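Here's the structure, in structure tokens; my notes come after.
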Amino acid sequence: MAKIYTDKLTQIVNVPFMDLKAQHHQIYNEIDDRYADIIANTGFILGKYVAEFEEKFAEIQGAEYCIGVSSGTDALHVALMTLGIGHGDAVIVPTHTFIATAEAVSLCGAVPVFCDCDGYYNIDVNHVEKILSENAQTGKLNIKAIIPVHLYGQPAELGTIMRLADKFNVNVIEDACQAHLASYHGTRVGTLGVFGAFSFYPGKNLGGFGEGGALITNDGTLYHKAKMIRQHGEIERYHHQVVGHNYRMSALQGAALGVKLKYIEAWTEKRQKNARLYNELLGGIDGIEIPKEIDDVLSVYHLYVIQVADRDGLMAYLKEHHIICGLHYPIPLHLQDAYKYLGYKEGDFPVAEKAAQRIISLPMFPELAEGQIRYVCDKIKKNMEGV
Numbered sequence: 142m143a144k145i146y147t148d149k150l151t152q153i154v155n156v157p158f159m160d161l162k163a164q165h166h167q168i169y170n171e172i173d174d175r176y177a178d179i180i181a182n183t184g185f186i187l188g189k190y191v192a193e194f195e196e197k198f199a200e201i202q203g204a205e206y207c208i209g210v211s212s213g214t215d216a217l218h219v220a221l222m223t224l225g226i227g228h229g230d231a232v233i234v235p236t237h238t239f240i241a242t243a244e245a246v247s248l249c250g251a252v253p254v255f256c257d258c259d260g261y262y263n264i265d266v267n268h269v270e271k272i273l274s275e276n277a278q279t280g281k282l283n284i285k286a287i288i289p290v291h292l293y294g295q296p297a298e299l300g301t302i303m304r305l306a307d308k309f310n311v312n313v314i315e316d317a318c319q320a321h322l323a324s325y326h327g328t329r330v331g332t333l334g335v336f337g338a339f340s341f342y343p344g345k346n347l348g349g350f351g352e353g354g355a356l357i358t359n360d361g362t363l364y365h366k367a368k369m370i371r372q373h374g375e376i377e378r379y380h381h382q383v384v385g386h387n388y389r390m391s392a393l394q395g396a397a398l399g400v401k402l403k404y405i406e407a408w409t410e411k412r413q414k415n416a417r418l419y420n421e422l423l424g425g426i427d428g429i430e431i432p433k434e435i436d437d438v439l440s441v442y443h444l445y446v447i448q449v450a451d452r453d454g455l456m457a458y459l460k461e462h463h464i465i466c467g468l469h470y471p472i473p474l475h476l477q478d479a480y481k482y483l484g485y486k487e488g489d490f491p492v493a494e495k496a497a498q499r500i501i502s503l504p505m506f507p508e509l510a511e512g513q514i515r516y517v518c519d520k521i522k523k524n525m526e527g528v
């Protein structure tokens, strides 16, 4: 565990990118009791802890229904399958995001249609409108859905996206894998689209002890179909109404997430407090672009991302001073080898491409101490000033 640093910013050991040990130390006994119960009763798949978590997660996100699944990627895949999206269809996704968003589309047999990002790193709604409008004229693509990603914990411009979806008769699946408890104009994300997909990868704001994910929805018909798809299309034991797959959440993940859910609001407030301190300390330094915040939108700061011209130089300097940073993400999806077949080229999405060369994710987790943040910012300032 990293040391608490002095006001003089001396005797620094390290600042990790995240520190799961610090988080787990405070809840170890609660989780241990649940794990002992699961082992004693040998109920390792779904079960009471998953059902309890589904109910409480739906409640905290403001949704009617929740389906616990095996990962955030699988949550997106189940949503697309439930909507019947497949071969011959197309789905609009941002190019600046983790590949899972587009990957889920590809796994259904559909084609991802990439879109540039805006100044907040989220999907550019003007570009979305351009794609939909041009396609309405040409009819070249059978666009069935838009997947806006609430990247880094900040909600995308959902009002405009929902208006466009209604105008062009397409579905919206919110990729909220980085945005637990984030809200758009007072409404928690994941509830405005037909589905909201969440990830519980260990490093997420709400992370399990392994892989996990969830879908939320307010549509009862979609809920029941998605629930069948989660478990091999079963309507009851050995009666398969649709073709599904094994997307079930393990009881161990449900148990751990149920404990962690009690702390998520306090952890989120701490992330936001950390972000405010970063903003205060970095906001006046020439050459640094701090995150922009949208009015009436609540970011939960899964990541705290800045931009600088010499990103690689700054990362190397910080590493020398035992500060670990990340890159989210260094290559836009339209330039990934996996999507060469789509024919995109460098220069197609200039905002995303420029960001990919300049972004750096600073340490961000609830247990991050004020002294650690001040140390990070002090080192960044010295590097930027050439000291």
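Those letters in the sequence shown? Residues 142 to 528, by our numbering. Where is the CB? At the ideal position from N, CA and C, for every residue including glycine. The structure displayed is predicted, hence computed values, not measured ones.
Partner residues in a beta bridge of residue 304, as assigned by DSSP, do not exist. Taking the C-beta atoms as reference points, residue 213 is found nearer than 9 Å to residue 339. With fewer than 16 other Cβ atoms from the protein chains shown falling within 10 Å of its own Cβ, residue 180 counts as exposed. Residue 508 has its alpha-carbon roughly 28 Å from the corresponding atom of residue 497. Distance from residue 341 to residue 358 at the Cβ level is roughly 17 Å; contact not present, criterion being Cβ atoms closer than 8 Å.
Under the three-state reduction of DSSP output, residue 519 falls in the helix class. Counted as a single uninterrupted DSSP element, the stretch harbouring residue 472 is not any alpha helix (DSSP H), since DSSP gives it neither H nor E.
Residue range 405 to 423 is occupied by the alpha helix (DSSP H) that includes residue 419. Apart from the 5 residues on each side of it in sequence, residue 217 sits with its Cβ closer than 6 Å to the Cβ of 245, 338 in its chain, given in chain order. Only residues of its own chain outside the window of five on either side were considered, and among them 449, 450, 525 have a CB closer than 7 Å to the CB of residue 428, listed in chain order. Rounded to whole angstroms, the gap between the alpha carbons of residue 494 and residue 470 is 10 Å.
Of the residues assessed, residue 380 falls on the exposed side of the cut-off, its CB having fewer than 16 other CB atoms within 10 angstroms.
Going by beta carbons, residue 455 and residue 255 fall outside the 9 Å limit. For residue 358, the three-state secondary structure derived from DSSP is strand. Taking C-beta separations shorter than 7 Å and ignoring five residues to either side along the sequence, the partners of residue 222 in its chain run 249, 370, following chain order.
Shown here, residue 282 sits in coil according to DSSP, grouped into three states, outside any helix or strand. Separation of residue 300 and residue 315 (C-alpha to C-alpha, rounded to the nearest whole angstrom) is 12 Å. Looking only at 324, 290, 460, 286, the smallest Cα-Cα distance to residue 237 is reached by 290.
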